[in-house]
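Going by the working numbering, the sequence shown opens with residue 11, and the numbers climb by one from there.
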Amino acid sequence: MEITTSFDNITITAHVKESKIKKLKYIIENEVAIYVKRSSFDRFEAFTKSGNSEILHISYDKIKGQAFQARPFRLEFNPNKLRDKDISIYKDIISLLYDITISRLDLAFDIFDVDCSKFVFEKLERNVKSSYYLSASGVLETKYLGARKSEKRARLYNKKIERTENGGVEDNIFASKYKHWWRLEFQLRSRSVDNVFEIIDEYIFKPQDFSDLSIDNQMKISIFLNDKNLWGKLSRNTRSKYKKILKNYSTNDIDYKSLLRKDLNENRDRLEKQLRQYAGREEFEMILDKIK
11 MEITTSFDNI TITAHVKESK IKKLKYIIEN EVAIYVKRSS FDRFEAFTKS GNSEILHISY
71 DKIKGQAFQA RPFRLEFNPN KLRDKDISIY KDIISLLYDI TISRLDLAFD IFDVDCSKFV
131 FEKLERNVKS SYYLSASGVL ETKYLGARKS EKRARLYNKK IERTENGGVE DNIFASKYKH
191 WWRLEFQLRS RSVDNVFEII DEYIFKPQDF SDLSIDNQMK ISIFLNDKNL WGKLSRNTRS
251 KYKKILKNYS TNDIDYKSLL RKDLNENRDR LEKQLRQYAG REEFEMILDK IK
C-alpha cells in the first residue's frame with residue numbers, strides 16, 4: 011500500500027491594487043503563454059494550457075465584484091500540474107494583488123494497491139446528501155458525500171479507471187503500474203478551508219466487513235449504508251447507537267483512516283508552505299511535489 015497526499019485544486023480570490031491594474035492587463039494581453047478568452051476595460055478571462063488542458067484559469071470582473079461586494083479577481087489551478095512557466099506567471103500576478111484569500115481547496119489522498127470499492131465511506135456526525143455510481147458489473151466506481159454547492163463535499167472514486175479513460179499516454183502508463191488506484195478527495199469552500207487538516211476526522215473510512223457482529227446489528231448497519239430513507243425512520247437513540255458501532259468497530263487489522271491521517275500530518279509542513287506561497291505570503295523556491 012502506498013499513499014500520496016496533495017492539494018488537487020486551489021482557487022484564490024483577491025483585489026487588484028489600483029496602481030497595478032494596467033500592469034495586470036499588460037501581462038494578460040502580452041504574455042505569449044496566456045490565451046485570452048475575452049478582455050475589456052474592467053473585465054477579462056484568460057488561461058494557460060498544456061495540450062488541451064487548462065492549467066491556470068485567470069479572471070477579473072470589476073462590475074460583478076462591486077455588485078456582489080466580492081473580490082473581483084479569481085485564479086484557479088491544480089498545483090500538481092503547474093509548470094515552470096505557470097509558476098513564473100503566478101508570481102508576477104500575485105505581486106499585483108491584495109486581500110488574497112483561498113476560497114476553495116481540494117485535499118486529495120491517492121491510495122495505491124488497495125481496492126476501496128467495498129469500503130464504508132460515510133459522514134460521521136450528521137446525514138448529508140450522498141450519491142454513487144456503479145460499473146456495469148455493479149462495482150462502486152464513485153461516491154459523493156455532500157451537495158455540489160456545499161462548503162464541504164467529499165468524493166471517493168476509482169482514479170485508475172478515470173485516468174485510463176480520460177487521461178493521456180503518460181496517465182495511462184502511470185496508472186498501469188498499479189493494480190488499484192483510488193482517490194479520496196475533500197472539496198472545501200469558504201470557511202471550511204480553514205479545517206483542511208482536520209476534515210478527515212469527520213468521516214468514516216474503513217473496509218466493509220461486519221461479519222463478526224450479530225445478525226441484528228449487521229441488519230441495522232446495512233440499513234444505514236444502503237437505505238437512508240428507512241434509516242431516518244428509526245429512533246434517534248437507535249441511530250446514535252449504530253453510528254457509534256460503525257465508527258468504533260474495527261473491520262480490518264489495518265486502520266486505513268489512521269494511515270491517511272498519519273501521511274497528512276507527515277506532509278503538513280510541506281502543504282502549509284504551499285498555501286503560504288499561493289496566498290502570496292512566501293516566495294516560491296521550487297516546483298512542488300507532483301502526482302499525475
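Beta carbons: idealized from backbone N, C-alpha and C, even for Gly. None of these values were measured; they are calculated from a predicted model.
- Residue state for R199 is assigned as strand, using DSSP reduced to three classes.
- By the Cβ-count criterion, V42 is exposed, with fewer than 16 other Cβ atoms from all chains shown falling within 10 Å of its own Cβ.
- Its Cα nearest to that of S50, the residue Y36 stands out among Y36, K91, E180.
- Note on geometry: alpha-carbon atoms of A118 and D273 lie some 11 Å from one another.
- Separation of S113 and S145 (C-alpha to C-alpha, rounded to the nearest whole angstrom) is 34 Å.
- Per DSSP, E293 lies in no alpha helix (DSSP H) segment and is marked neither H nor E.
- In the structure shown, K153 falls within a strand segment according to DSSP collapsed to helix, strand and coil.
- Put simply, the backbone Cα of A56 is about 8 Å away from that of L66.
- Along the segment 218-286, the alpha helix (DSSP H) occurs as fully enclosed runs of 4 or more residues at 225-236, 238-241, 246-258, 266-276, listed in sequence order.
- Taking 8 Å as the cut-off, the beta carbon of E132 is found no closer than this to the beta carbon of Y45.
- Residue range 94-104 is occupied by the alpha helix (DSSP H) that includes I99.
- In the DSSP assignment, V179 falls outside any beta strand (DSSP E) and lies within the alpha helix (DSSP H) extending over 179-185.
- In the DSSP annotation of this structure, the continuous segment of the beta strand (DSSP E) that includes K59 starts and ends at 53-60.
- The beta-bridge partner set that DSSP reports for V130 consists of K216.
- Taking a contact as a CB-CB distance under 8 Å, the pair L150 and S127 counts as one, their CB atoms being some 5 Å apart.
- In the DSSP annotation of this structure, E135 is not part of any alpha helix (DSSP H), being labelled neither H nor E.
- Contact check for D71 and R53: beta-carbon distance about 5 Å, within the 8 Å limit, so the pair qualifies.
- R286 has its alpha-carbon roughly 11 Å from the corresponding atom of I110.
- By the criterion of at least three beta-carbon pairs nearer than 8 Å, the segment 231-241 is not in contact with the segment 188-199.
- Closest in C-alpha terms to E195, from the list G290, D120, K30, comes D120.
- In chain order, F129, V130, T261, N262, Y266, K267 place their CB closer than 7 Å to the CB of K216, counting only its own chain and leaving out the 5 sequence neighbours on each side.
- In this structure T248 is exposed. Its beta-carbon is surrounded by fewer than 16 other beta-carbon atoms within 10 angstroms.
- By DSSP's assignment, I22 forms a beta bridge with L85, I112.
- In the three-state reduction of the DSSP assignment, S160 falls in the coil class, being assigned neither a helical nor a strand state.
- The beta-carbon separation of I103 and L166, rounded to 34 Å, does not stay under the 8 Å limit for a contact.
- Between M229 and V124, the CB-CB gap reaches or exceeds 8 Å.
- Taking a contact as a CB-CB distance under 8 Å, the pair L270 and I210 counts as one, their CB atoms being some 6 Å apart.
- Between R81 and S69, the C-beta spacing is not below 8 Å.
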